[in-house]
Amino acid sequence: MNWMPSALKSSLFAFCLVAPSLVPGAAAAPAAAKPAAAPAADSGLPTVAKATAGLDRREGLLNLHYDRQKGKVWLELPPASGPRGEVGTFIYVESLRTGLGSNPVGLDRGQLGSTRLVTLRRMGGRLLLEQPNLKFRARSENADELQAVRESFATSVLWAGDVTAQDPDGRALVDFTSFLVRDAHDLPRSMRLAGQGSWSLDPARSAVDFENCLSFPKNLELEALLTYTSSDPGALVRETAPTGSVVSVTQHHSLIALPEPGYQTREFDPRAGSYSLDFMDYAAPLDAPVETKLVARFRLEKTDPTAARSTVKKPIIFYVDPGAPEPVRTALVEGAGWWREAFDKAGFVDAYRVELLPPGAHPLDVRYNVIQWVHRSTRGWSYGGGMIDPRTGEILKGHVTLGSLRVRQDRLLFEGLTDAERTGKGGPDDPIQLSLWRIRQLAAHEVGHALGLNHNFAASTYGGRASVMDYPAPLVKLTTDGQMDFSETYGTGMGEWDVHSIRFAYSQFPPGTDEAFALDAIAREGVGRGYLFLTDEDARGLGSAHPRAHLWDNGPDPAEGLRHAMKVRGLALGRFGEKNLAPGRPLSLIQEVLAPVYFHHRYQLEAAVKVVGGLEYTYAVRGDGQPASRPVDAEWQRRALSAVLATLSPEALDLPDPLIALLLPRPSGYLPNRELFKGWTDPTFDPLGAAGAAADMAVLGLLQPERAARLVDFHRRDPKMPGLDEVLDGLVGAAFGTGAGKETERQAELRRTVQWVVVRRLIDLSANANASPGVRARVDAQLAALARRPGPNDALAHREFLAREIGRYLDRRAQEATARPAPPEAPPGQPIGMPDPAWAPESLPEPLAGCSWEP
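Here it is, written out as structure tokens:
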């Protein structure tokens, strides 16, 4: 899954649109407005008591009546009291109690949908469930100003039903069944976006789940079993559902009373690391921006607001799913509990804790912040998010989803780096123990999102792992005698940035404090201490620019980190063998263990690539003293380029024959999967295909159109900076240079594979309509020179092949280029199922738009 478009940052706690008149501080309705009249006694409808005689009654936020025989739920309504027939205003969240189990499709157990503020309105004999529009507001006391904004933008009526009974005082009854048994989560859309065919809800095979329809004083929790069918189900569904053309899931609905007054909103600051709730405030003064951003955070109040340290009125408690097995369950409790330290350092005593979910508690009940353990058919992403009051940014419920296969993939990684014989032995290099340290960090990371905090992908470059909100690469050190040291593989506890971000989001200042000034002081303090904050937009794309914002990297210097990763990789590959596979397993399965070792350097490689043509910058605010942006130092760029090009050598790409001999074809009963190497020699392992995939990681990273354009511009403004010509010459030199013609045939064929990858990606860049003219002109010149470049006699056929490839492209341009075969893809490194970056933000289910793309 990423990238994360900027529009998604504000969706961590998915929010929708609400009426301006409901915003805190907004003026009340005009005094002249009259409440809706109570219905006449002779309406012709039965009374509520008569219509519900003999039905199962549940009292709560709104009273419910169940007709189990007919499968119906009736909603009892109090009299309308507002000027527009309002019965009540609530927060509504739809979600999935049960899931499909396929991470690429994204329909998981416990997946939260949109969080909306809704108003129940009586209009004649109809009840409307209307979603007001809070994306556009007026924070004003002027009723006319409020009305102008309210009438300028559409609302959304999500559902309507007929009133079937009413009392003389206006109390009424409506059949609520069709609201519950409807496709609120938009499952067909998720299926379509995942390429899994056309799906539709089958009402005949859907029904209210009465045993899980619960009523409480401040919330209703209602469920229905929904069945969807398709005549063209996709492969992922066929692999997961028992009958591929039929999918049944349980949909959950939460109707929640509005929070008690008293929550204090907090203005967002781009230097502080929180997620934001965004809206347009048309009542803003002319010298203030219309765009408004509020911090998303829990309500946390000291019992003594004047004290620097105080206990709290209501602590934040996260509950771990007891469905997580031991020893994972204990690791989750420990890792998620690390946040206690951050709150304590922010002045809150006993303000945060982690416990097991009590028996009988519903994980989707708004009263419980839950860390849910979810199973899928493939390893996938974990998410942290929750429910938010869309008026204020107050987090009402934190909800974390952790994929159960992640810890097993980590175990596989360490069995490849060490060996499977150490598994379960309890030593510092035990793959299980190392995986449990990783799951502790993951629990802390996702809870951080549920607390309202964004990724900080620069945190691994300072403070010795300054935040759990970065993606941690396993730090495998090398001893003086060339052995692997796993003593500091993952960090433990809170980092400096974590404490700082909690201080900004949650600090409670004594009465009379200028909060804006105090918060700015915290932000400036972080800047002064060198706390760099950079998030998804700065790190995920291969064309991104910042040299310190990366996923799964270690240390402040990506070039040195890449060289170290290559040493660890070389050591692991040099001793890789049967001992890296658990006893009794089919030997062919060693491919899945080999893949993360062979591509061990992939993320440190991406980090080093982004130093080339990189730009150093911050989220500076005027007057805070942070420096202006500047291109990465020329010498650093050249060191990074050298480290990247070194990964293309035949020695780095080759595998020893004894290892290749172990990579057997799949035995009967073991179908191919996405975790395997790809190539051209199926069903046998293809060493040249693996080399092509590894080479493509470096070549594709260097030839990103955005990076290439920056190289042209930086060199234009400062000739001391490496330009695109220098990078192209280096790349071509690494593939075609001095080593060519002086190698064994084994090495020469690997070099020819690299040459083909380089030519293929140069053609792609030249044909890319988004590449700048200066980039395409230089690439075309390089291609033309390559087509004329002589080669050694033993490679004549290969050189002629490349020349013909280039010639066909230069003659006919991009028409044929798209049809040429690409280098083999590497097995996935990040979790399976990441959304395509090309998806528009509105194409994502909101629980995905609102969560961490964290493996």
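Residue numbers 5 to 859, in this note's numbering, belong to the letters of the sequence shown in order.
Glycine is no exception: its CB is placed at the ideal position from the N, C-alpha and C atoms.
As the structure is a computational prediction, the values presented were derived from the model and not from experiment.
- Look at residue 232 here: in three-state DSSP terms it is strand.
- Partner residues in the beta bridge of residue 160, as assigned by DSSP, are 135.
- Pairing residue 540 with residue 623, the inter-Cα distance amounts to about 13 Å.
- Rounded to whole angstroms, the separation of the alpha carbons of residue 546 and residue 380 is 28 Å.
- Within the stretch 424-476, the complete alpha helix (DSSP H) segments at least 4 residues long are 435-454, listed from N- to C-terminus.
- Counting along the chain, residue 589 sits inside no alpha helix (DSSP H), nor does DSSP assign it H or E at all.
- Distances from the alpha-carbon of residue 87 to those of 256, 123, 76 and 477 put 123 closest.
- By a beta-carbon distance limit of 8 Å, residue 360 does not contact residue 443. Their separation comes to about 16 Å.
- Under DSSP, residue 360 takes part in a beta bridge, and its partners are 324.
- In the DSSP assignment, residue 61 falls within the unbroken beta strand (DSSP E) covering 60-62.
- Around the beta-carbon of residue 417, 16 or more other beta-carbon atoms lie within 10 Å, marking it buried.
- Look at residue 583 here: in three-state DSSP terms it is helix.
- When C-beta atoms of the stretch 577-590 are compared with those of the stretch 735-755, fewer than three pairs fall below 8 Å, so the two segments do not count as touching.
- About 5 Å separates the beta carbon of residue 267 from that of residue 398, a gap short enough to meet the 8 Å contact definition.
- As computed with DSSP, residue 96 is found in a beta bridge with 120 and 259.
- Per DSSP, residue 284 is one residue of the beta strand (DSSP E) stretching across 280-285.
- Within the stretch 730-817, complete alpha helix (DSSP H) segments of at least 4 residues are found at 749-771, 777-792 and 800-816, given in chain order.
- The stretch 756-771 makes no contact with the stretch 673-683: fewer than 3 CB pairs, one atom from each, lie closer than 8 Å.
- CA-CA distance, residue 158 to residue 98, rounds to 22 Å.
- In this structure residue 258 does not touch residue 249 by the C-beta definition: roughly 31 Å separates them, more than the 8 Å allowed.
- When rounded, the separation of the alpha-carbon atoms in residue 244 and residue 296 is 43 Å.
- For residue 69, the uninterrupted beta strand (DSSP E) run begins and ends at 68-71, by DSSP.
- Comparing alpha-carbon positions, the option among 461, 722 and 400 lying closest to residue 318 turns out to be 400.
- Counting only the Cα atoms, residue 58 lies some 52 Å from residue 278.
- Contact between the stretch 471-488 and the stretch 445-463 is established, with three or more Cβ pairs separated by less than 8 Å.
- With fewer than 16 other Cβ atoms inside 10 Å of its own Cβ, residue 673 counts as exposed.
- Taking 7 Å as the cut-off, the beta carbon of residue 415 is found closer than this to the beta carbon of residue 435.
- Considering only 520, 489, 491 and 634, the residue with the shortest C-alpha distance to residue 299 is 520.
- DSSP assignment within the stretch 469-514 yields the following whole alpha helix (DSSP H) runs of 4 residues or more, N-terminal first: 500-510.
- For residue 177, the CB contacts under 8 Å within the same chain, skipping 5 residues up- and downstream, are 52, 55, 56, 69, 78, 79, 80, 81, 167, 168, 169 and 170 in chain order.
- Judged by beta-carbon spacing, residue 230 lies within the 7 Å limit of residue 255, meaning their Cβ atoms are closer than that value.
- Residue 565 sits in a helix when the DSSP states are folded into three classes.
- Residue burial annotation: residue 155 is exposed, with fewer than 16 other C-beta atoms found within 10 angstroms of its C-beta.
- Look at residue 166 here: in three-state DSSP terms it is strand.
- For residue 403, there is no enclosing alpha helix (DSSP H); the residue is part of the beta strand (DSSP E) that begins and ends at 398-407.
- Beyond the five residues adjoining it in sequence on each side, residue 757 comes within less than 6 Å, by CB distance, of 692, 695 and 696 in the same chain, given in chain order.
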